Every structure is written in structure tokens, then in C-alpha cells.
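Chemist:
Number of protein chains: 4
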Amino acid sequence: MPAEGGTRRKKAVSELKRQLILDAARRVFENEGLEGASLRAIAQEAGYTPAALYFHFDSREALYAELLSQSLEALKASVDRAVSKADSPVDRLRQAALAFFRFYERSPRDLDLGFYLFRGGMTPEGLGRDRDAELNQRLAVTLQPIADAAIELGVEMDQARRLMADTFAHATGLLLLAHTGRIRIFGVAAAELMRNFVDDQIARLTE
Amino acid sequence: MPAEGGTRRKKAVSELKRQLILDAARRVFENEGLEGASLRAIAQEAGYTPAALYFHFDSREALYAELLSQSLEALKASVDRAVSKADSPVDRLRQAALAFFRFYERSPRDLDLGFYLFRGGMTPEGLGRDRDAELNQRLAVTLQPIADAAIELGVEMDQARRLMADTFAHATGLLLLAHTGRIRIFGVAAAELMRNFVDDQIARLTE
Amino acid sequence: MPAEGGTRRKKAVSELKRQLILDAARRVFENEGLEGASLRAIAQEAGYTPAALYFHFDSREALYAELLSQSLEALKASVDRAVSKADSPVDRLRQAALAFFRFYERSPRDLDLGFYLFRGGMTPEGLGRDRDAELNQRLAVTLQPIADAAIELGVEMDQARRLMADTFAHATGLLLLAHTGRIRIFGVAAAELMRNFVDDQIARLTE
Amino acid sequence: MPAEGGTRRKKAVSELKRQLILDAARRVFENEGLEGASLRAIAQEAGYTPAALYFHFDSREALYAELLSQSLEALKASVDRAVSKADSPVDRLRQAALAFFRFYERSPRDLDLGFYLFRGGMTPEGLGRDRDAELNQRLAVTLQPIADAAIELGVEMDQARRLMADTFAHATGLLLLAHTGRIRIFGVAAAELMRNFVDDQIARLTE
DNA sequence: TATGAATGAGTATTCATTCAT
DNA sequence: TATGAATGAATACTCATTCAT
Numbered sequence: 534m535p536a537e538g539g540t541r542r543k544k545a546v547s548e549l550k551r552q553l554i555l556d557a558a559r560r561v562f563e564n565e566g567l568e569g570a571s572l573r574a575i576a577q578e579a580g581y582t583p584a585a586l587y588f589h590f591d592s593r594e595a596l597y598a599e600l601l602s603q604s605l606e607a608l609k610a611s612v613d614r615a616v617s618k619a620d621s622p623v624d625r626l627r628q629a630a631l632a633f634f635r636f637y638e639r640s641p642r643d644l645d646l647g648f649y650l651f652r653g654g655m656t657p658e659g660l661g662r663d664r665d666a667e668l669n670q671r672l673a674v675t676l677q678p679i680a681d682a683a684i685e686l687g688v689e690m691d692q693a694r695r696l697m698a699d700t701f702a703h704a705t706g707l708l709l710l711a712h713t714g715r716i717r718i719f720g721v722a723a724a725e726l727m728r729n730f731v732d733d734q735i736a737r738l739t740e
Numbered sequence: 534m535p536a537e538g539g540t541r542r543k544k545a546v547s548e549l550k551r552q553l554i555l556d557a558a559r560r561v562f563e564n565e566g567l568e569g570a571s572l573r574a575i576a577q578e579a580g581y582t583p584a585a586l587y588f589h590f591d592s593r594e595a596l597y598a599e600l601l602s603q604s605l606e607a608l609k610a611s612v613d614r615a616v617s618k619a620d621s622p623v624d625r626l627r628q629a630a631l632a633f634f635r636f637y638e639r640s641p642r643d644l645d646l647g648f649y650l651f652r653g654g655m656t657p658e659g660l661g662r663d664r665d666a667e668l669n670q671r672l673a674v675t676l677q678p679i680a681d682a683a684i685e686l687g688v689e690m691d692q693a694r695r696l697m698a699d700t701f702a703h704a705t706g707l708l709l710l711a712h713t714g715r716i717r718i719f720g721v722a723a724a725e726l727m728r729n730f731v732d733d734q735i736a737r738l739t740e
Numbered sequence: 534m535p536a537e538g539g540t541r542r543k544k545a546v547s548e549l550k551r552q553l554i555l556d557a558a559r560r561v562f563e564n565e566g567l568e569g570a571s572l573r574a575i576a577q578e579a580g581y582t583p584a585a586l587y588f589h590f591d592s593r594e595a596l597y598a599e600l601l602s603q604s605l606e607a608l609k610a611s612v613d614r615a616v617s618k619a620d621s622p623v624d625r626l627r628q629a630a631l632a633f634f635r636f637y638e639r640s641p642r643d644l645d646l647g648f649y650l651f652r653g654g655m656t657p658e659g660l661g662r663d664r665d666a667e668l669n670q671r672l673a674v675t676l677q678p679i680a681d682a683a684i685e686l687g688v689e690m691d692q693a694r695r696l697m698a699d700t701f702a703h704a705t706g707l708l709l710l711a712h713t714g715r716i717r718i719f720g721v722a723a724a725e726l727m728r729n730f731v732d733d734q735i736a737r738l739t740e
Numbered sequence: 534m535p536a537e538g539g540t541r542r543k544k545a546v547s548e549l550k551r552q553l554i555l556d557a558a559r560r561v562f563e564n565e566g567l568e569g570a571s572l573r574a575i576a577q578e579a580g581y582t583p584a585a586l587y588f589h590f591d592s593r594e595a596l597y598a599e600l601l602s603q604s605l606e607a608l609k610a611s612v613d614r615a616v617s618k619a620d621s622p623v624d625r626l627r628q629a630a631l632a633f634f635r636f637y638e639r640s641p642r643d644l645d646l647g648f649y650l651f652r653g654g655m656t657p658e659g660l661g662r663d664r665d666a667e668l669n670q671r672l673a674v675t676l677q678p679i680a681d682a683a684i685e686l687g688v689e690m691d692q693a694r695r696l697m698a699d700t701f702a703h704a705t706g707l708l709l710l711a712h713t714g715r716i717r718i719f720g721v722a723a724a725e726l727m728r729n730f731v732d733d734q735i736a737r738l739t740e
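Residue numbers (my numbering), protein chains in the order written: chain F, 534 to 740; chain B, 534 to 740; chain H, 534 to 740; chain G, 534 to 740.
1) Using 8 Å as the limit for Cβ to Cβ distance, is threonine 675 of chain F near chain B?
2) So which residues of chain G does aspartate 643 of chain H contact, with C-beta pairs closer than 9 Å?
3) Using beta carbons (cut-off 8 Å, strictly below), is threonine 705 of chain B in contact with chain F?
4) Compare the C-beta of leucine 710 of chain B against all C-beta atoms of chain F and say whether one is closer than 8 Å.
5) With H, G and I counted as helix, E and B as strand and the rest as coil, what does DSSP make of glutamate 740 of chain F?
6) Does any residue of chain G have a CB that is nearer than 8 Å to the CB of isoleucine 735 of chain H?
7) Along the region 559 to 570 of chain B, where does the CB come closer than 9 Å to a CB of chain F? Name the residues.
8) Run through chain F and tell me which residues come within less than 7 Å of glycine 687 of chain B, C-beta to C-beta.
9) Starting from the C-beta of threonine 582 of chain F, find all residues in its chain whose C-beta is less than 7 Å away, skip the five residues before and the five after it, and write them out in chain order.
10) Using a Cβ-Cβ cut-off of less than 7 Å, list which residues of the region 716 to 728 of chain G approach chain H; keep chain order.
11) Using the C-alpha atoms, what's the distance from leucine 567 of chain F back to phenylalanine 562 of chain B?
12) Look up alanine 686 of chain B in the DSSP assignment and say whether it is helix, strand or coil.
13) Return the chain-ordered list of same chain residues with a C-beta closer than 6 Å to the C-beta of phenylalanine 590 of chain F, the five sequence neighbours on each side being excluded.
14) Compute the Euclidean distance between the alpha carbons of arginine 542 of chain H and glutamate 548 of chain H, then round it to the nearest angstrom.
15) Under 8 Å, do phenylalanine 633 of chain H and alanine 704 of chain H count as touching if we go by C-beta distance?
16) Do alanine 629 of chain H and proline 678 of chain H count as a contact pair if the criterion is CB distance below 8 Å?
17) Hey, does leucine 672 of chain H have any beta-carbon neighbour from chain G nearer than 8 Å?
18) Can you give me the start and stop residues for the alpha helix (DSSP H) that tyrosine 597 of chain F sits inside?
19) For aspartate 598 of chain H versus glutamate 578 of chain H, is the C-beta spacing smaller than 8 Å?
20) Give the residues of chain F in contact with arginine 541 of chain B, contact being defined as C-beta atoms less than 7 Å apart.
21) Identify whether histidine 703 of chain B lies in helix, strand or coil by the three-state DSSP scheme.
22) Please return the same chain residues whose Cβ sits closer than 7 Å to the Cβ of leucine 726 of chain F, not counting the five positions on each side in sequence.
23) With DSSP as the reference, label histidine 712 of chain H as helix, strand or coil.
24) Suppose contacts are defined by Cβ-Cβ distances below 8 Å. Is serine 611 of chain G in contact with phenylalanine 588 of chain G by that definition?
25) Note down the Cα distance separating arginine 551 of chain B from glutamate 594 of chain B, rounded to an integer number of angstroms.
26) Quick one: Cα of arginine 737 of chain H to Cα of leucine 601 of chain G, how far?
27) Give a yes or no on contact between the region 706 to 720 of chain B and the region 665 to 675 of chain F, applying the rule of three or more CB pairs nearer than 8 Å.
28) So what's serine 621 of chain B in DSSP terms, helix, strand or just coil?
29) Could you tell me which chain H residues have their CB closer than 9 Å to the CB of phenylalanine 730 of chain G, listed as they occur along the chain?
30) Do alanine 682 of chain B and proline 622 of chain B count as a contact pair if the criterion is CB distance below 8 Å?
31) So, is leucine 731 of chain B buried or exposed, given that buried needs 16 or more other C-beta atoms within 10 angstroms?
32) When we look at the beta-carbon of valine 674 of chain F and count the other beta-carbons within 10 Å, is it buried (16 or more) or exposed?
33) With a CB to CB cut of under 8 Å and the five nearest residues on each side skipped, what residues in its chain are close to leucine 646 of chain H?
34) With 16 other CB atoms within 10 Å as the buried threshold, where does alanine 680 of chain B fall?
35) Listing by chain order, which chain F residues have their CB less than 7 Å from the CB of arginine 694 of chain B?
36) Hey, quick one: how far does the alpha helix (DSSP H) through arginine 573 of chain H stretch, first residue to last?
What follows is the structure, given as C-alpha cells:
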């Protein structure tokens with residue numbers, strides 16, 4: 534048992550260190566942006582040598598991927614929390630969509646991260662099919678409450694899926710616009726447009 | 534006349550070479566993506582030494598900017614062409630929005646290019662305020678037909694601007710989804726969703 | 534004769550252009566210093582293409598050499614002027630030494646230029662033996678009034694030559710010290726030290 | 534102890550490698566001169582990739598600065614050694630001045646190095662005020678024995694400082710002359726002139 | 001598990017010079 | 001005489017990654 538316990542403790546310590554590195558990476562990302570988040574910079578922020586990170590992650594891309602993974606986890610938690618507080622299908626739909634929007638509105642670097650790695654999916658090899666499939670899965674699961682609520686409202690599966698895609702698209706489009714400052718061209722506020730969009734969708738489903 | 538003609542011919546040749554370099558840059562962009570489009574790579578594709586490009590462009594960023602500029606020009610031409618063929622405000626609105634969408638649907642690298650340089654606007658200094666302001670201007674002008682058509686339909690200025698922003702956002706969001714292959718998650722087609730979105734907007738304005 | 538006259542005029546024009554380029558080079562040197570005085574920069578200041586300068590000078594080094602040559606000419610003129618105003622051997626000696634010092638005190642870039650090309654003399658090939666010998670000759674001629682005055686005061690040739698070398702060395706040493714700001718370490722003024730040095734030399738010769 | 538020993542040995546090895554790079558840099562400096570001493574060239578001479586040097590030095594300028602630092606250290610040691618062997622104030626003054634001269638007479642590249650980095654002090658920002666101030670400090674400390682000896686001889690502080698500056702100036706002036714071969718113009722020997730200069734100064738102080 | 005050292009490929013840009021026109 | 005275009009070599013420096021210790 535003591536040996537076993539030692540092993541378990543070692544694993545826990547290892548897990549902790551991994552997380553400390555990821556936290557450091559997040560900080561670098563937030564402060565320096567995509568371009569500045571080199572492995573060197575992350576290692577330094579974490580108090581490590583670049584070489585040391587390779588004991589915890591296979592490559593820089595793997596580290597990034599894990600960062601995105603955690604980001605998506607946080608996103609899902611955020612959406613789920615909002616949904617759980619709602620008490621009607623309509624409200625669940627609205628809250629899920631708005632929680633999604635707000636999550637990225639508040640931490641724009643997470644959006645950058647998503648764009649960066651999502652784009653990777655286009656390349657022939659991508660980040661590996663497994664990783665790509667996993668990202669898709671996470672995304673689908675996160676947005677699922679929207680489809681669920683729609684179905685509760687009597688909508689067909691097909692239509693529910695469209696709603697998910699539309700909501701995702703509108704939110705990310707508006708966030709992009711807001712995030713790059715371009716939205717000022719139109720003299721409007723992204724959050725307000727998002728609310729309107731969601732209300733319109735609901736109106737259409739329930740009319 | 535011979536002297537003049539010589540000068541004129543020289544200018545034309547120079548202009549042509551410039552364009553050949555830009556074409557090479559486009560190809561590199563298409564094949565290698567954002568990261569791979571180094572000055573070296575562009576020069577090689579164009580059959581030049583890196584140093585030679587500096588005779589034609591002030592810097593790598595200047596070359597990129599010109600690439601984007603031409604892309605936006607083509608976008609505007611595409612939208613204008615679609616609008617000119619339409620014969621009613623409703624049709625003009627629809628065709629403008631769909632032309633915008635189709636342009637980027639067909640040449641996804643132009644979307645990347647836009648994202649790349651648009652993002653520059655976020656940095657404190659940006660690529661220079663002038664360039665940033667110019668990008669905004671071009672975008673506003675390109676989407677203007679949408680607002681014009683809406684106003685013809687009796688909509689307030691305020692609402693027309695919202696419509697522009699919403700259309701831009703929805704289109705880019707869907708394109709991002711399509712472009713990265715994520716849209717498959719939802720089992721829907723981006724183009725169809727865009728058409729539906731536009732139709733919904735029109736229905737709302739005209740009901 | 535018209536042909537001849539045309540040739541002469543052509544030569545004069547050519548000479549003038551050469552000089553305009555050299556003037557431009559001086560300005561660049563003064564404003565940008567040694568490092569900044571690239572051929573490109575000089576050409577631009579002169580209103581030419583870099584390539585055009587090659588019709589007027591064999592190489593960048595040749596242009597620099599000519600610049601130094603003119604600088605030494607101006608130095609000699611400055612010394613000669615001072616000497617011609619003096620009315621005794623002692624005064625000639627003093628004025629020659631001080632004029633030399635003041636020339637470089639006032640235009641430190643000329644000193645830089647001298648250092649730069651003088652140093653070239655060390656390299657195996659140098660700027661070519663001819664050029665090197667010419668520089669030596671110019672320097673000797675410029676300082677000759679010091680030796681002449683010393684001889685007038687009854688000093689041996691040998692001693693007179695020592696005096697020239699010492700004066701040159703002390704002046705350039707002080708100028709270097711002044712020019713790099715190091716003289717502040719000692720809390721003294723270069724010009725005053727130079728005056729003292731000259732007075733000491735004179736005292737020794739005449740005592 | 535073994536662990537400690539390992540660390541200590543590692544540090545020693547590291548220090549050694551650093552020094553080997555500096556030695557390589559010195560050689561390049563001696564053979565190729567200022568302009569040729571690029572980071573590439575130094576790395577090659579040391580048997581390294583350019584990138585490897587960045588592990589040992591922060592930048593090319595930092596490497597240069599360390600080279601100069603070691604040179605000044607050697608200079609000071611040389612002067613101190615000479616002074617410690619002298620047994621009277623007059624002798625200390627003479628030996629300090631001549632040791633300074635001889636140091637640079639024997640290794641002219643050290644003089645070049647000094648000129649190169651000293652000149653940095655002229656530029657608005659310099660190599661950083663710290664570095665500049667440090668250079669000044671080292672120089673002052675090195676020449677201090679001259680001032681000390683003069684004060685022992687009953688000279689005022691003010692006059693002692695002048696003597697330091699004059700000695701430095703005369704020595705560097707003569708060295709420049711000798712070093713570039715110009716001194717041949719005057720048919721005299723730099724070392725002899727330096728001895729005479731020092732003797733004259735001593736005569737003046739003690740008469 | 002972590003480090004120090006090293007690599008090799010890469011970055012944009014500058015330079016003096018050449019040559020056809 | 002002058003230009004526009006092009007070259008080839010050079011610059012310092014950064015990057016992700018590897019490996020012996």
C-alpha cells in the first residue's frame with residue numbers, strides 16, 4: 534500500500550504541475566495574445582525551462598489543444614449553469630444561447646484560441662483526426678441544450694439542428710465583429726444584436 | 534512619342550510584375566495558409582529573390598495589405614454586380630447579402646486573409662490607423678447596398694445599420710463554420726442557412 | 534570649336550554633379566553618422582538612384598575617400614589661413630596647432646571620417662597603396678607649418694618632426710576624449726588642455 | 534557532496550565555454566576587424582551555431598561588451614602591476630602612464646574594441662546609460678594611480694585630473710598614429726615620444 | 001522530473017553592386 | 001547619364017525541439 538500510495542501521490546503531483554503550466558499558458562495568452570504565446574514564454578511564466586514542458590505535453594500544439602479543451606469545458610459549464618437556472622424551455626433556449634455568447638464576450642482570448650485551433654482542422658493532417666473529432670463532440674454537447682429546448686417546444690429534430698448552427702454562427706460572427714472593433718462601423722452593440730437574434734428565433738418557434 | 538511610349542510601357546510592365554507577385558502571394562496563401570506565406574515563400578513562388586520584392590513593395594505587411602485590398606475590391610465588385618441585376622429593393626437586399634456570402638464561400642482563403650489583417654486592428658498600434666480606417670471604410674461601402682435597400686423599404690436608419698451588422702455577422706459565422714468543416718456536426722448546409730436567414734430578415738422588414 | 538566647347542561644358546557639368554553628390558554625402562554623414570551613410574541614403578539625399586552614383590564614383594569606398602580628401606583639403610585651408618594671419622614663428626606654431634584642433638572640434642564627423650578611412654590603411658590591401666600614400670602626403674603637408682615655425686625658431690629637423698607628431702597625437706587624443714563625452718570623467722575642457730599643451734611646447738622650444 | 538559537486542562542475546564547464554566563445558570572438562576581431570566580427574563569424578570560429586551563442590550571451594552587443602570588459606580588466610591589471618613594482622611617486626606616475634601605453638601598443642585590437650564601444654556613448658541612447666557609466670568608471674579607476682602619484686608629489690587635485698586626461702589623450706593619439714602606420718610620415722617612434730611626453734610632465738611637476 | 005546546451009530552419013530586412021534599357 | 005529591376009550575401013535574432021546529464 535505505501536508503494537501504491539506513493540504512485541497515487543506522484544500522479545496527483547504530476548497532474549497539479551500540468552495544470553500549473555496550463556494556467557501559466559492561459560496568462561501568457563491573455564497578456565500577449567496568440568503570437569506572443571511561444572513555448573518559451575509559457576515555460577518562463579510557469580517557472581520552467583522550455584525543455585521541461587515536454588515531460589508534461591507532447592508538443593506545443595498538444596499544449597494548445599489542451600488549453601482549448603479546458604476552455605471548451607469551461608464554456609460548457611457556463612452554458613449548463615445558465616440552463617439549470619432557467620425554468621421553461623423558452624428560457625432554457627434563451628439562456629443557453631446568451632451564456633454561449635457572454636462566455637466569449639468576456640474572454641476574447643478564448644475565442645482566438647478556438648479560431649486558431651479550429652482552423653487547424655482544415656489542414657490535410659489537421660491536429661490528428663482524433664483531436665478534431667473530439668473538438669466537434671465537445672461543441673455539439675455544449676450546444677445541445679439549445680436543441681433540447683427547441684424539441685421540447687415541439688420543433689423537429691432537423692429544425693433544432695439548424696437552430697444550433699444558426700445560433701453558433703450568429704454569436705461567433707458578432708463576437709468577431711466586436712472583438713476586432715469593426716462593429717463600431719455600424720454603431721451598434723453586439724450584445725444587443727445577440728439578444729434580438731435570440732428573441733427573433735424564439736418568436737419564430739413559438740408563434 | 535518614342536520616349537513617352539517607353540515610359541508608358543515601362544510603367545505597364547512594372548504594374549504587371551507587381552500583379553504577378555501578388556498572384557504568387559495568393560497562390561502561396563491558398564496552398565500554405567497564413568503561416569506559410571512568408572516573404573521568402575512568396576518570392577520563391579514568384580521566381581524572385583526575397584530582396585527583389587522590396588523593389589515592388591515597401592514591406593511584407595504592405596504586400597499583405599495590397600492583397601487584402603484587392604480581395605475587398607473583388608468582393609465589392611461581386612456585391613455590386615449582384616445588386617445591379619436585381620430589380621426591386623427586396624431583391625437588392627437579398628442579392629447583396631447572398632453575393633457577400635458566396636464570395637467568401639467560394640474563396641475561403643480570402644476570408645482567412647480578411648481575418649488575419651482585421652485582427653491587426655486589435656493591437657494597440659494596429660497596422661497604422663490609416664490602414665485600419667481604410668479597411669472599415671471599404672467594408673462599410675461594400676455592405677451599403679443592404680442598408681440602402683432596407684431604407685427604400687421604409688426602415689429607419691438605425692434599423693438598417695443593425696441589419697448590415699447582423700448580415701455580416703451571420704455570414705461570417707456560417708462561413709467560419711463551413712470553412713472549418715464544423716458545420717457537419719449539425720448536418721446542415723451553410724448556404725441554405727444563409728438563404729433562410731436572409732429570407733427571415735426580409736419577412737420581418739416587409740410584414 | 535563648338536564641339537570642343539561642348540566637351541568642356543560637359544566636363545564642367547559633370548564636375549558639378551559630382552560635387553553635389555559629395556555635398557549630399559556630407560549632409561548624410563553629419564546627420565546620420567558613419568553607420569547611416571549608406572550609398573542608398575547618399576543617393577536619396579542627392580536626388581539620385583543608387584545606381585546613378587556609379588557613373589560618378591567607382592565604388593562606395595571611392596566616394597568616401599573623396600569625401601575625406603575634401604575634408605583634408607578644408608583642414609589644410611583652415612590651418613593655412615590661421616598661419617597667414619600670424620606674424621611671428623611662435624605665433625605661427627601656436628595658430629597652426631590650434632587651428633588643427635579647432636577644425637575637428639567643430640566638425641566631429643570629419644574626425645570620424647578620418648578615423649574610419651585611416652583605419653582602412655591597416656588592412657593588408659588597404660584602400661590601395663596610392664590612396665594611402667596620398668592621405669599621408671596630405672597630412673604631412675597640412676602640419677608642415679608647425680615644423681616650419683619650429684625650424685625658424687632654431688630647432689633641429691628631427692625635433693621639428695617630433696613636434697608635429699606630438700601635436701597631431703595630442704590633438705586627436707583630446708578630440709577623441711571630448712567627442713565621446715569621456716572627457717567629463719576628468720572634469721576638464723579639451724580646448725583648454727590643448728592650449729596648455731601648445732604653450733608648454735612653445736615654452737620648451739624657446740626657453 | 535556528489536550532487537553539489539555536479540552543480541559546481543556544470544557551472545565551471547559553462548564558464549569555460551563562455552570563455553572559449555569570448556576567445557573565439559577575440560580571434561575574429563583580430564583577424565577580421567570590427568566589421569567582420571559578426572555573430573555568425575564568431576559562432577563559426579567557436580564551432581557553434583549562431584543560435585547557440587544566445588544561450589551564453591543575451592545579444593551580440595552583450596558579447597562585445599563583455600569582451601571590452603575583459604580587455605579593460607586586463608589593462609587595469611597591467612597598470613596596477615607596473616605601479617606596484619615602482620618605489621617612488623615619480624616612478625609610479627611614469628610606470629602607470631607607460632604601462633597604459635604599452636598595453637595598447639602590444640594589442641592594437643583592444644584599442645579598436647575600445648574605440649568601437651566608446652563611440653557607442655555618443656549616440657543619444659548609447660548602449661544604455663549603465664554600460665556607459667561603467668566604462669567611464671573603469672577608465673577612471675585604471676588611470677587613478679597617475680592622479681594619486683601626482684598628488685603625492687604635492688600637486689593640486691585639479692592639476693592631477695588634467696594630468697590624467699593629458700596622459701590618456703597623448704597615449705591614445707600616439708597609438709592611433711602608430712597603429713595606422715601614419716607615424717612613419719614623421720619618421721619617429723611612438724614609444725619614444727610617449728616616454729618623452731611623460732618625462733616632460735614629470736619635469737614640470739617636480740621642477 | 002528537470003536542466004543546460006545545442007541545433008537547424010526560419011524570420012524580415014538591408015546592403016553594395018550589376019546590368020539591360 | 002540615369003533608371004528600374006534584380007541579385008546574392010549578409011544582418012541579428014527567434015522558434016520548437018532534442019538530448020545528455
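Ideal Cβ placement from N, Cα and C applies to all residues, glycine included. Every value quoted in this text rests on a predicted model; they were computed, and no experiment measured them.
Modeler: A quick look at the data gives this:
1) no
2) Those do not exist, as aspartate 643 of chain H stays about 15 Å from chain G at its closest Cβ, beyond 9 Å.
3) yes
4) yes
5) Coil.
6) no
7) Of all residues in the region 559 to 570 of chain B, Gly566, Leu567 have a Cβ within less than 9 Å of some Cβ in chain F.
8) Result: empty, since nearest Cβ-Cβ is about 19 Å, beyond 7 Å.
9) Ala576
10) Here the close residues are Ile716, Ile718, Phe719, Gly720, Val721, Leu726.
11) 20 Å
12) Before going further, note that residue 686 of chain B is leucine rather than alanine in the sequence given. Three-state result, leucine 686 of chain B: coil.
13) Leu596
14) 10 Å
15) Yes, these two residues count as a Cβ contact at 8 Å.
16) Contact: yes.
17) yes
18) 593 to 618 is the span of the alpha helix (DSSP H), which, as asked, contains tyrosine 597 of chain F.
19) The question names aspartate, yet the displayed sequence has alanine at residue 598 of chain H. Taking 8 Å as the Cβ cut-off, alanine 598 of chain H and glutamate 578 of chain H do not qualify as a contacting pair.
20) Under the 7 Å cutoff, chain F gives no residues; its nearest Cβ is about 39 Å from arginine 541 of chain B.
21) helix
22) Leu707
23) helix
24) Contact flag unset, no.
25) C-alpha of arginine 551 of chain B to C-alpha of glutamate 594 of chain B: approximately 15 Å in a straight line.
26) Put simply, the backbone Cα of arginine 737 of chain H is about 38 Å away from that of leucine 601 of chain G.
27) Pairwise C-beta distances place the region 706 to 720 of chain B in contact with the region 665 to 675 of chain F, as three or more of them are shorter than 8 Å.
28) coil
29) Asp699, Ala702, His703
30) yes
31) Leucine is not the amino acid found at residue 731 of chain B; the sequence shown has valine there. Classification of valine 731 of chain B: buried, given that the 10 Å Cβ count is 16 or more.
32) exposed
33) Phe562, Leu567, Tyr597, Leu600, Leu601, Ser604
34) buried
35) Phe719, Gly720, Val721
36) Annotation: the continuous alpha helix (DSSP H) that includes arginine 573 of chain H extends over 572 to 579.
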